[in-house]
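All remarks here apply to the structure that follows.
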Amino acid sequence: MSGIFGAYSTTNKPVLEEVYLGLYALQHRGQESAGIAWAEDGHVASVRGMGLLHNAIDQQRLAGESANCAIGHVRYVPLESSQLHNVLPICANYARGPVAIAHDGLVTNLAELTRQLEQRGAIFQSSTNSEAILHMMAQKSHMQPIDALVDALKKLEGSYAIAVLLEDSLVAARDPYGFKPLVIGERDGTYYAASESCALDIVGAKLLRDVEPGEIVVIGAKGMKSLRVRQERCGRCMHCSFEYVYTARPDSIIDGRSVYEARKEMGRRLARKSPCGGADLAAGMPDSGTISAIGYAQAAGTPFEMGVVRNRYVGRTFIQPTQKVRELGVKIKLNPIAEIFKDKRAVIVDDSIVRGTTAERIVSMIRNCGAAEVHLRIASPPVLHPCRYGIDTRKEETLAAVRMTLDELCRKVGADSLDYLTEEDLIAAIGLPEDKLCTACFTGKYLEER
Ligand code: SF4
1 MSGIFGAYST TNKPVLEEVY LGLYALQHRG QESAGIAWAE DGHVASVRGM
51 GLLHNAIDQQ RLAGESANCA IGHVRYVPLE SSQLHNVLPI CANYARGPVA
101 IAHDGLVTNL AELTRQLEQR GAIFQSSTNS EAILHMMAQK SHMQPIDALV
151 DALKKLEGSY AIAVLLEDSL VAARDPYGFK PLVIGERDGT YYAASESCAL
201 DIVGAKLLRD VEPGEIVVIG AKGMKSLRVR QERCGRCMHC SFEYVYTARP
251 DSIIDGRSVY EARKEMGRRL ARKSPCGGAD LAAGMPDSGT ISAIGYAQAA
301 GTPFEMGVVR NRYVGRTFIQ PTQKVRELGV KIKLNPIAEI FKDKRAVIVD
351 DSIVRGTTAE RIVSMIRNCG AAEVHLRIAS PPVLHPCRYG IDTRKEETLA
401 AVRMTLDELC RKVGADSLDY LTEEDLIAAI GLPEDKLCTA CFTGKYLEER
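Residue numbers are given in our numbering: position 250 of the sequence shown equals residue 250, and the series is strictly consecutive.
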């Protein structure tokens, strides 16, 4: 999971500080590393580092740069890949000039592509998807950079949203199925590409549109033009439904649907499917369960309480790379207010249960507050399958709903009752047609089986 942001000013205004701000708005998509790259005197320059954006990159360093085009990246990676040489954007100066690439997603044929490239002499310095694209471009140095990039993208399988910096342009591209979100914005002659529209808001840009599945948007001195990766696949969408459940910020609009509205509707539908008569209050697990809890409370006629407080200075539990850190993270991060829960029958709404760690800890903490009953409601279906397209839940045996029946899981987390949203309600709440959504981690309906 990553966040990408790019900017190109057609009026030659400096954009590096805006890229920094855009990445700030996307910090929830990755906290392990950050990087920004730009072109300078025909060469690529970059700043990159580990940790949160403000630790990884010195904002002052950017203020003095005059580049009118830049891309940036914040990244979540598994622990074994969390090293400086894997920090994006990946940058190079090749025969056709400077290039930098930032990528969100998972190229599923990366091993095969890497093998082929190595046989032709490529030497890899990282284990990133982006470096494979870079080598594919370098091996087509007889082509114009944009043509070499399009040629490389045609070879990729899996999911990607990418921003690419070329000497004279910013390129934003989305895989032919549109798994990962990517939007285009504009303000006063500066064009932006961002993983989510909330990053456009921070720079005051207007959301123009989503990059379409399979589309390559090229932004240069003359404005925007659109190319296609693979014509034959366009129209078969697999927009990630987990973006609406958990990943995206609620103030983002993805593929025309408000994440906030989708989450609230998930809560309303959950209340209708699984009411908890006589409950004294409904509270959400902050932050991604809060909006569904509001929807649940409104539909059920149950008072909503901000019963669980989140320490905003601790990273999101789910995207911490190891189980040990994740377990500590729950304790540090979430704190129920004892006075709200004492002697009350409480409904707690969470966005999802992946490994079950957070649910067990929070139910236990609420019981310790003296709650009379704790009923857990999950605003998505059970996560039963690994994601093949870039979310870190890939080991099936780690998924709580795989390891246990509903009753077993309810006992394990210590709740009085536990229930989920249905697949049908999830799709209806998002409001996109079923054949445009990926729900594979809930349903097992992978691209290959559709
Ligand atoms: S499997 Fe789940 S997390 Fe992965 S792309 Fe599909 S909906 Fe998103």
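Ideal Cβ positions, reconstructed from N, Cα and C, are used throughout, including at glycine.
| Check | Outcome |
| --- | --- |
| May I ask you to report which of helix, strand or coil DSSP gives Cys91? | strand |
| Under 8 Å by Cβ, that's how I've got Asp474 and Gly289 pegged, so tell me the actual separation to the nearest angstrom. | Outside the modelled stretch of the chain, which goes from 1 to 450, sits residue 474, for which no answer is possible. |
| Would you check if there are 3 or more beta carbon pairs closer than 8 Å linking the region 123-134 to the region 182-190? | no |
| Are there 16 or more other CB atoms within 10 angstroms of the CB of Thr439, so buried, or fewer, so exposed? | buried |
| Less than 6 Å between C-beta atoms, sequence neighbours within five positions excluded: which residues of the same chain meet that for Glu373? | Arg345, Asp416 |
| What did DSSP end up calling Lys273 once you bin it into helix, strand or coil? | helix |
| Looking at Ile4: is its Cβ nearer than 7 Å to the Cβ of Ser195? | yes |
| By Cβ distance below 6 Å, which residues in the same chain neighbour Val309 in space, the five residues on each side in sequence not counted? | Asn335 |
| Using only CA atoms, which one of Glu397, Ala161, Leu165 lies nearest to Met137? | Leu165 |
| Nearest CA to the CA of Arg388: which residue from Ala92, Ser33, Gln83, Thr108? | Thr108 |
| Buried or exposed: where does Thr190 fall if 16 or more other Cβ atoms within 10 Å of its Cβ makes it buried? | buried |
| With Ser417 as the anchor, note down where its beta strand (DSSP E) starts and where it stops. | 417-420 |
| Under the assumption that Glu423 contacts Pro381 (Cβ atoms under 8 Å), give the Cβ distance between them as a whole number of angstroms. | 5 Å |
| Got a sec: does the ligand SF4 put a non-hydrogen atom nearer than 6 Å to the Cβ of Tyr420? | no |
| Which residues have their C-beta within less than 6 Å of a heavy atom of the ligand SF4, listed in chain order? | Phe179, Cys240, Ser241, Phe242, Cys387, Tyr389, Ile391, Cys438, Thr439, Ala440, Cys441 |
| For Leu166, list the residues DSSP reports as bridge partners. | Val99, Ser169 |
| Kindly list the residues whose CB is nearer than 7 Å to the CB of Leu432, restricted to its own chain and excluding five residues on each side of it in sequence; keep chain order. | His239, Asp255, Arg257 |
| Should Thr302 be labelled buried (16 or more other beta-carbon atoms within 10 Å of its own) or exposed? | buried |
| Looking at C-beta atoms only, is the number of pairs between the region 60-76 and the region 11-20 that lie closer than 8 Å three or more? | yes |
| State the Cα-Cα distance for the pair Ala338 and Met306, rounded to the nearest angstrom. | 12 Å |
| Hey, is the region 91-102 in contact with the region 31-49, meaning 3+ C-beta pairs nearer than 8 Å? | yes |
| Take Gly105 as the anchor and find which of Met404, Tyr76, Trp38, Ala111 has the nearest alpha-carbon. | Tyr76 |
| Here's the rule I'm using: 16 or more other beta-carbon atoms within 10 Å means buried, otherwise exposed. How should Ser46 be labelled? | buried |
| Which of helix, strand or coil does DSSP assign to Leu134? | helix |
| Which residues bound the beta strand (DSSP E) around Phe5? | 2-9 |
| My assumption, with CB atoms under 8 Å, is that Val74 sits in contact with Leu23. Please give the rounded CB distance. | 5 Å |
| Helix, strand or coil for His375, going by three-state DSSP, please let me know. | strand |
| Compare the C-beta of Leu88 against all C-beta atoms of chain B and say whether one is closer than 7 Å. | As a matter of chain content, chain B is missing from the structure shown, which is built from one protein chain. |
| Taking the beta strand (DSSP E) that Val183 belongs to, which residues open and close that run? | 183-187 |
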